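Engineer: Residues in the sequence shown are numbered from 1 upward in steps of one, following full-length UniProt numbering.
For glycine and all other residues, C-beta sits at the position ideal for the given N, C-alpha and C.
All values derive from a computational prediction rather than experimental measurement.
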Amino acid sequence: MGRANMQTFNLSPTPFLGRAQEIAEIGTLLSNPSCRLLTLVGPGGIGKTRLAMEAASHHYTLFPDGIFCVQLAELCRTNDILPAIAAAMGFCLQQALLTPQEQLLTYLREKQAQRVLLLLDNIEHLLDGADLLAEILAATRELKILVTSREALNLQEEWIRPITGLAYPEREEESQSPEDYSAVQLFLDRARRVRGDFKLSEDKMGVVEICRLVEGMPLAIELAVGWLKTLRPSDIAREINGNLDLLETRSRNLPERHRSMCFVFDHSWQLMQAKDREVFQKISIFRGGFTREAAEAVAGTSLTILARLIDQSLIRREASGRYVIHELLRQYGAQRLAAAGQIEAVQQAYIDYYLGLLQRLERDIKAHRQIAALDTIAANFENMRHAWYLAVQQGQATALSGAVESLHWFADMRGHYHEIVGLLQDALDQLSSSPLQEERFARARIEARLIRLILLGSLHIEENFRTRIDACLALARDQQDQAEFGFCLIASGILAVWEAEEKRQSLPGRAASLFEESREVFAQLGDPFYQAEALSWLAWEVPLIEETQQPSGQAHLQESLNLRRAIEDRNGIAWGTLNLTCVALAQLNYSAYERYAREALTAMHEIRSAKGEVQALFSLIQATFLKGEMKEAFTLTRRMHRVATNSNYPDGIRLSSDFLEFLHSLLDSSYTTGQEPLLSSQATKLSEFFSGQYNLGKRWGEAIINCELGEYAAVRKGYPSLFRDKYDDPGSATICLALEAIILTHEEKLEAASKLLGLAFAQPLQVSGWLRHWSKLTCLRIDLRHKSGEEAYKLAWKLGASLDLETTLRSLLGEGDRNADKNANSALYEPLSERELEVLNLIARGHSNREIAQRLVLSVGTVKVHTRNIYSKLGVNSRTQALAQASSFKLL
1 MGRANMQTFN LSPTPFLGRA QEIAEIGTLL SNPSCRLLTL VGPGGIGKTR LAMEAASHHY
61 TLFPDGIFCV QLAELCRTND ILPAIAAAMG FCLQQALLTP QEQLLTYLRE KQAQRVLLLL
121 DNIEHLLDGA DLLAEILAAT RELKILVTSR EALNLQEEWI RPITGLAYPE REEESQSPED
181 YSAVQLFLDR ARRVRGDFKL SEDKMGVVEI CRLVEGMPLA IELAVGWLKT LRPSDIAREI
241 NGNLDLLETR SRNLPERHRS MCFVFDHSWQ LMQAKDREVF QKISIFRGGF TREAAEAVAG
301 TSLTILARLI DQSLIRREAS GRYVIHELLR QYGAQRLAAA GQIEAVQQAY IDYYLGLLQR
361 LERDIKAHRQ IAALDTIAAN FENMRHAWYL AVQQGQATAL SGAVESLHWF ADMRGHYHEI
421 VGLLQDALDQ LSSSPLQEER FARARIEARL IRLILLGSLH IEENFRTRID ACLALARDQQ
481 DQAEFGFCLI ASGILAVWEA EEKRQSLPGR AASLFEESRE VFAQLGDPFY QAEALSWLAW
541 EVPLIEETQQ PSGQAHLQES LNLRRAIEDR NGIAWGTLNL TCVALAQLNY SAYERYAREA
601 LTAMHEIRSA KGEVQALFSL IQATFLKGEM KEAFTLTRRM HRVATNSNYP DGIRLSSDFL
661 EFLHSLLDSS YTTGQEPLLS SQATKLSEFF SGQYNLGKRW GEAIINCELG EYAAVRKGYP
721 SLFRDKYDDP GSATICLALE AIILTHEEKL EAASKLLGLA FAQPLQVSGW LRHWSKLTCL
781 RIDLRHKSGE EAYKLAWKLG ASLDLETTLR SLLGEGDRNA DKNANSALYE PLSERELEVL
841 NLIARGHSNR EIAQRLVLSV GTVKVHTRNI YSKLGVNSRT QALAQASSFK LL
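Structure below.
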């Protein structure tokens, strides 16, 4: 067959879609002089035949002497291969003394110099005749062979190119449109042949789900499309998930072997050895891939059998070393497993392996092999999830209890709160309240860890958590299990923290006493992992800086960090380092703050904690912004946005987007009086960026915006809110002094303005560098020089730089008369109402919302509204912060 005839085997009633990369790679291989036998290997229905023919069509110039296609699917005997090749090449075998093989090889030797491609399609059932191909290659010099097969030929001359499905969207958050993927394009093309009016917008997610379920397998997509007259794509996807028989067609002109996926797979099944069949149906229990060790434990396989299954395109080995089975093949294997009556035994082996693996990994998670252990869980999570569900269905409480510790720490350390909480809740819902002590204790272990994850993940909080965790504590005490008792104390302490801040139901100091008791328990047990955990929580219940002889929060944090370093708890080290940024801020040590933030960021990245990386970036962005490293601040903020987006962390996405906009606005003064709506938006957006441990953003944003709008009275009224509780904070001082300088210049008090600017710029570069990039101040300094004269401006600047910072700030804040309590409330940007002051004083006395409501004859709901208003006006997020801020404003 020459070039003119080549097109005859490539004719098809439907267009060829996608596969550009595969076609290019096949062309590269065929042009390689060393590659003379190339086998495209893949399961039935994956599109090997169409791809081979399309590739031959694209690269026909490589074979000017002809491309010859040999269809082998209908042949039954290996002896039929040679005549089929001869017929395709136009060579007539003669009745002569030479055998047919000798005749063909002689013919080919005579055409040594001819560049020819021999395309052999569907050879998997004739592999015993593959030696003929080696002899053909030996007899020729320029001839090349392209083969399609479900199984590798295992010839020395063979090069293998595995073929998988068409490209499809693997995640919902894919940035590309679904129409950009060839699997979706194929679906749409075939769908419009079935229903001319079909549009992707009718059921986009249903179409995408079909493509995902069949992993882009072209034949399966075409068979699924056949149901469009009866079902919506979403319905087809649901049916495919539980009924492989759905994928069949009534089309008359499709080859019988392509009319149903079951028929396609039956063909592969018949070609398998008995032992291979047994293993294949057992590995259908795996989800999301599996390891060699898992296959040996669950399916009783050997490396030899795995190799044969790979050769037969029934499984594939990924670069990571894991084995993967196509979802449709897995469903087929599961049907075979059910028919063989082996489901229960295989499920038990599966549960034992994966829940046992979780239990074995617990020691590594808490010590020297933490990252490797977490990576192992991540790689096997789909199997562990499935094993957990099976164990839940079968009521295997003891197995679940043994696995829950590792699973719960994986959730905490890698941020999978929602997924693991769902698994634990399912277990509690399904496990009966057994009277057996062992099962009751197993259930309590799961419940205690569920409560801890819900609290740490800020998920839905139930009113009966206190009763539930107290019951877990009591049972652990009765069982005399000190380790479980210590864990429940920590969980109870975390709940007490939440109650103190949100419900005010616990007694003052209760959380600290629980954490301290837990620390003592684990110290006696010699468990440094949980001793460090208790210490890190205890640190937040005492002042970070303490001048008395009592240990401060900083001391507890440092002790916790030392313990974690000793056991190489890298997750704990990362979070402990990030916690030290809070200590640095409390000490107004901005250099240490930046250093700890950088160390925490590196550590969070290494342990692959997306949430931790976002929070460390959050801190480092503040540090680089304050010292004026704007280029780095931009880079870090973009990185924060990327990490938050990839990990679906909404707070991080919002904060990074908002700060990018703020940086742009600050540098180019894009917020002007004529753009008030944008400025109002900025104030709202900035309200949370510096929230919590370093609450500057909202107040800074509001102050700058008010200044731009000429609302100078509001700016001055808001000065106190720019500070936490220290008026010697050089970071907050820079914005306050700069704003007042702007106002004084407007009032024509040029010398005073220059002095304040001198004092602002005299602060350490670590916190004042950002002033040099504020375009408003750049213009102001030029204006002051022009109006005051260079000598007067420089003198005032120098005098200002020598002023005492705290004294100057107290003067600006009206703090000269320390007894002027009546003016304290009016110093707020938005003063508290009389009723709000009453509520605040009752909060300070330790009353709960219900008690306050009874005293003031209000509803609890109204008290909550007043409390929220108080928090907003004081710029805080909790009762503890409100009381501290109120004290600094002399409101109590």
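(1) Among L588, C582 and G289, which one has its Cα closest to the Cα of Q615?
(2) In its own chain, which residues sit with a C-beta less than 7 angstroms from the C-beta of K48, not counting the 5 before and 5 after it?
(3) Tell me, please, which residues DSSP counts as bridged to R161.
(4) Is the stretch 344–352 touching the stretch 261–276 in the sense that three or more CB pairs, one from each, lie closer than 8 angstroms?
(5) Do the stretch 699–714 and the stretch 784–795 touch if we need at least three Cβ pairs shorter than 8 angstroms?
(6) Using C-beta distances below 7 angstroms, list every residue in its chain close to R468, excluding the 5 sequence neighbours before and after it, in chain order.
(7) How about A191 and Y168: are their beta carbons less than 7 angstroms apart?
(8) On the CB-based measure, 16 or more other CB atoms within 10 Å of its CB, does D375 come out buried or exposed?
(9) So what's I325 in DSSP terms, helix, strand or just coil?
(10) Determine the DSSP secondary structure at S57, reduced to helix, strand or coil.
(11) For A237, is the classification buried or exposed, using 16 other Cβ atoms within 10 angstroms of its Cβ as the cut-off for buried?
(12) Is L119 helix, strand or coil by DSSP?
(13) Report the residue from K282, A844 and A224 whose alpha carbon sits nearest the alpha carbon of T301.
(14) Going by the beta-carbon positions, is the gap between A884 and L840 smaller than 7 angstroms?
(15) Check T230 in the structure and name its three-state DSSP category.
(16) In whole angstroms, what is the alpha-carbon distance linking C76 and R150?
(17) Pull up the distance between the alpha-carbon of F198 and that of L188, whole angstroms please.
(18) Using the Cα positions of V421 and F410, report the straight-line distance between them to the nearest angstrom.
(19) Taking the C-alpha atoms as reference points, what is the distance between A399 and A391?
(20) Does L303 have its Cβ less than 7 angstroms from a Cβ in chain D?
(21) Quick one: measure Cβ to Cβ for A539 and G553, integer angstroms, because I've assumed they're closer than 8 angstroms.
(22) Tell me whether the stretch 320–337 and the stretch 284–302 touch, counting them as touching only if at least three CB pairs, one residue from each stretch, are closer than 8 angstroms.
(23) Just curious, the alpha helix (DSSP H) that Y68 is in, first and last residue?
(24) Alpha carbon to alpha carbon, how far is D180 from V404?
(25) Check for me: the alpha helix (DSSP H) holding I46 runs from which residue to which?
(26) Give the C-beta separation of A349 and V279 to the nearest angstrom, bearing in mind that I take them to be a contact with Cβ-Cβ under 8 angstroms.
(27) Quick check on this structure: which residue in A20, L117 and I136 has the alpha carbon closest to the alpha carbon of T106?
(28) How would you call C92, buried or exposed, if buried means at least 16 neighbouring beta carbons within 10 angstroms?
(29) For S149, does the three-state DSSP call read helix, strand or coil?
(30) Please report the straight-line C-alpha distance between C779 and A762, rounded to a whole angstrom.
(31) Excluding the 5 residues preceding and the 5 following L473 in the sequence, name in chain order all residues of the same chain whose CB lies nearer than 8 angstroms to its CB.
(32) Can you tell me which residues form a DSSP beta bridge with R317?
(33) With a Cβ-Cβ cutoff of 7 angstroms, do R449 and H408 count as a contact?
(34) By the three-class DSSP mapping on this structure, what secondary structure does K144 have?
(35) Could you check which residue in L805, D804 and I870 has the C-alpha nearest to that of E834?
(36) Am I right that L361 and A373 are in contact with their C-beta atoms under 8 angstroms? What's the rounded C-beta distance?
Structural biologist: Let me lay it out:
(1) For Q615, the closest alpha carbon among the candidates L588, C582 and G289 is that of C582.
(2) Short of 7 angstroms from the beta carbon of K48, and not among the five residues preceding or following it, lie these beta carbons of its own chain, in chain order: L40, G42, T148 and I163.
(3) Per DSSP, the beta-bridge partners of R161 are L40.
(4) Remark: fewer than three beta-carbon pairs, one from each stretch, lie closer than 8 angstroms, so the stretch 261–276 and the stretch 344–352 are not flagged as touching.
(5) Result no; under three Cβ-Cβ pairs closer than 8 angstroms.
(6) So the list reads E447 and I451, once near-sequence residues are dropped.
(7) No.
(8) Exposed, by the Cβ-count rule.
(9) DSSP places I325 in coil when its eight states are reduced to three.
(10) S57: helix per DSSP, three-state reduction.
(11) With 16 or more Cβ atoms within 10 Å of its Cβ, A237 is classed as buried.
(12) Three-state DSSP puts L119 in a strand.
(13) Across the set K282, A844 and A224, the C-alpha of K282 shows the shortest separation from the C-alpha of T301.
(14) No Cβ-Cβ contact shorter than 7 angstroms links A884 with L840.
(15) In the displayed model, T230 falls within coil according to three-state DSSP, outside both helix and strand.
(16) Taking the CA atoms as reference points, C76 sits about 16 angstroms from R150.
(17) Here the C-alpha atom of F198 lies approximately 8 angstroms from the C-alpha atom of L188.
(18) V421 and F410: Cα-Cα distance of roughly 11 angstroms.
(19) Approximately 7 angstroms between the Cα atoms of the pair.
(20) Looking for chain D here will not work: only one protein chain is present.
(21) Contact between A539 and G553 holds: CB atoms are separated by about 4 angstroms, below the 8 angstroms threshold.
(22) Under the 8 angstroms Cβ criterion, the stretch 320–337 counts as touching the stretch 284–302, having at least three qualifying pairs.
(23) First, the amino acid is wrong: residue 68 is Phe here, not Tyr. Under the DSSP assignment, F68 falls outside any alpha helix (DSSP H), being part of the beta strand (DSSP E) whose first and last residues are I67 to Q71.
(24) Roughly 42 angstroms between the two C-alpha positions.
(25) For I46, there is no enclosing alpha helix (DSSP H), as DSSP marks it with neither H nor E.
(26) The pair is not a contact, with the Cβ atoms about 13 angstroms apart (cut-off 8 angstroms).
(27) Taking only the C-alpha atoms, the option nearest T106 is I136.
(28) Under this definition C92 is an exposed residue.
(29) Residue state for S149 is assigned as strand, using DSSP reduced to three classes.
(30) If I take the Cα positions, the gap works out to 19 angstroms.
(31) Around L473: F485, C488, L489 and S492.
(32) Answer by DSSP bridge pairing, in chain order: Y323.
(33) Using a Cβ distance threshold of 7 angstroms, R449 and H408 count as a contacting pair.
(34) Secondary structure at K144: strand, using DSSP grouped into helix, strand and coil.
(35) For E834, the nearest C-alpha among the options comes from I870.
(36) L361 to A373, Cβ: 4 angstroms. Contact.
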